[in-house]
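Asks:
Numbering (the numbering used here), first residue to last: 161 to 494.
#1: Using alpha carbons as the reference points, say which of 440, 394, 430, 442 lies closest to residue 420.
#2: If you draw a straight line from the alpha carbon of residue 182 to that of residue 482, how long is it in whole angstroms?
#3: Taking the CB atoms as reference points, tell me whether residue 299 and residue 284 lie closer together than 8 angstroms.
#4: The alpha helix (DSSP H) that contains residue 386, what's its start and end?
#5: Use the C-beta contact count for residue 466: other C-beta atoms within 10 angstroms, 16 or more gives buried, fewer gives exposed.
#6: Using 8 angstroms as the threshold, is the C-beta distance between residue 369 and residue 301 below it?
#7: Spell out the partners DSSP gives residue 466 in its beta bridges.
#8: Can you tell me whether residue 477 is buried or exposed, with buried defined as 16 or more other CB within 10 angstroms of its CB?
#9: How far does the alpha helix (DSSP H) with residue 473 in it extend, from its first residue to its last?
#10: Would you be able to state if there are at least three C-beta pairs under 8 angstroms between the segment 326 to 337 and the segment 280 to 296?
#11: Under 8 angstroms Cβ to Cβ from residue 256, same chain only, skipping five residues before and after it: list those, please.
#12: For residue 174 and residue 367, I'd like the C-alpha separation in whole angstroms.
#13: Do you know offhand how far residue 195's Cα is from residue 360's?
#14: Pick out whichever of 211, 226, 225, 231 has its Cα sitting closest to the Cα of residue 107.
#15: Compute the Euclidean distance between the alpha carbons of residue 238 and residue 294, then round it to the nearest angstrom.
#16: Helix, strand or coil for residue 307 per DSSP?
#17: Could you give the DSSP three-state label for residue 211: helix, strand or coil?
#18: Who are the Cβ neighbours of residue 296 in its own chain at under 6 angstroms, not counting the five residues just before and after it?
#19: Does the structure place the segment 211 to 230 close enough to the segment 245 to 256 that three or more beta carbon pairs sit under 8 angstroms?
#20: Residue ranges of each beta strand (DSSP E) run of no fewer than 3 residues wholly in the segment 239 to 282, ordered along the chain?
#21: What does the Cβ neighbour count give for residue 265, buried or exposed, with the cut at 16 atoms within 10 Å?
#22: Could you compute how far the alpha carbon of residue 350 sits from the alpha carbon of residue 473?
#23: Assuming residue 391 contacts residue 413 (C-beta within less than 8 angstroms), just tell me the rounded distance between them.
#24: Could you pull out every residue in the same chain whose Cβ sits closer than 6 angstroms to the Cβ of residue 340, ignoring the five residues on either side in sequence?
Dropping the structure here:
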């Protein structure tokens, strides 16, 4: 189809929630609030970041009533260079906490204990880095992106990634080649797909007749299943980041004969917008930064994909005869 219509359609989705889990805690039992979030996540992202740990014997603390004041030092390496950060804070704690200590090697946790040395709560070095906004530690390289829904059996992202052979390969490779970096798994839940219709009345060269009206009435039947939505998001993220361990789909979107986009082509959708945000809108200093060899580090990745060739026909991003596609819009390979 090479006709330019006055009415054009685009779809958009973005992640509502996300959670990062260390690779060694995949089999742990999580609090109920996290279990619910994990069950809703169907995209996972394997990343790595500098391995950060507490320095043994650096912890000093005082517990007074239900408040603990503490000083602790953390260390990590960036490009082989060691960095040490000193952290001081005060927080309210439960009344049964009587002791605090740094966990045994690899010293990645601070443990808060009761009088019988039972663990009441803990805090990882990475979480402390996140809370304090240590950008070089919470900057995460995207290594692999996958989806967790299947036709035969639906699984959440955590269940899928635990059984995925690629994760084991990544862990083996990164531990051997980059011992100063830790592997984490990010789990993402995406909102329902929103459909946008745009009528460009400023461009009189576009078709606006019964044929266009039929397209406009037919679009009300457009609907993506969870499997279709997840497949599109996965392919878009892989195309955008081009992660090292994703051998397929790096150049697939938006191919003319893509099965993933079949429903979009049927209804003549000409644009897809996907937001992958790892910023906390309520607390601006709480951020994770994602990057890859192709994409620069940032907290808000807005991915635009044009499903038509703008040199052949005008689509969703064409307004008044001008191309308003966002910078970096992904287009079909020529």
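We put the beta carbon where it would ideally sit given N, CA and C, even for glycine.
Replies: With the given structure in hand:
#1: Comparing Cα-Cα distances from residue 420 to each of 440, 394, 430, 442, the minimum goes to 394.
#2: Cα to Cα, the separation comes out at about 47 angstroms.
#3: no
#4: Following the DSSP letters along the chain, one finds residue 386 inside the alpha helix (DSSP H) bounded by residues 386 to 401.
#5: Residue environment: residue 466 is assigned as buried (16 or more neighbouring CB atoms within 10 Å of its CB, all protein chains considered).
#6: Cβ distance not < 8 angstroms, so residue 369 and residue 301 don't count as in contact.
#7: 431
#8: buried
#9: Here residue 473 belongs to no alpha helix (DSSP H), and DSSP marks it neither H nor E.
#10: no
#11: 274, 275, 280
#12: 32 angstroms
#13: Distance between the alpha carbons of residue 195 and residue 360 is about 45 angstroms.
#14: Residue coverage of the chain in this structure runs from 161 to 494, which leaves residue 107 outside it and unanswerable.
#15: Roughly 12 angstroms separates the two Cα atoms.
#16: In the three-state scheme derived from DSSP, where H, G and I count as helix and E and B as strand, residue 307 is classed as strand.
#17: coil
#18: 238
#19: Remark: three or more beta-carbon pairs, one from each stretch, lie closer than 8 angstroms, so the segment 245 to 256 and the segment 211 to 230 are flagged as touching.
#20: 241 to 252, 259 to 262, 269 to 273
#21: exposed
#22: 31 angstroms
#23: So it is not a contact: roughly 10 angstroms between Cβ atoms.
#24: Short of 6 angstroms from the beta carbon of residue 340, and not among the five residues preceding or following it, lie these beta carbons of its own chain, in chain order: 211, 237.
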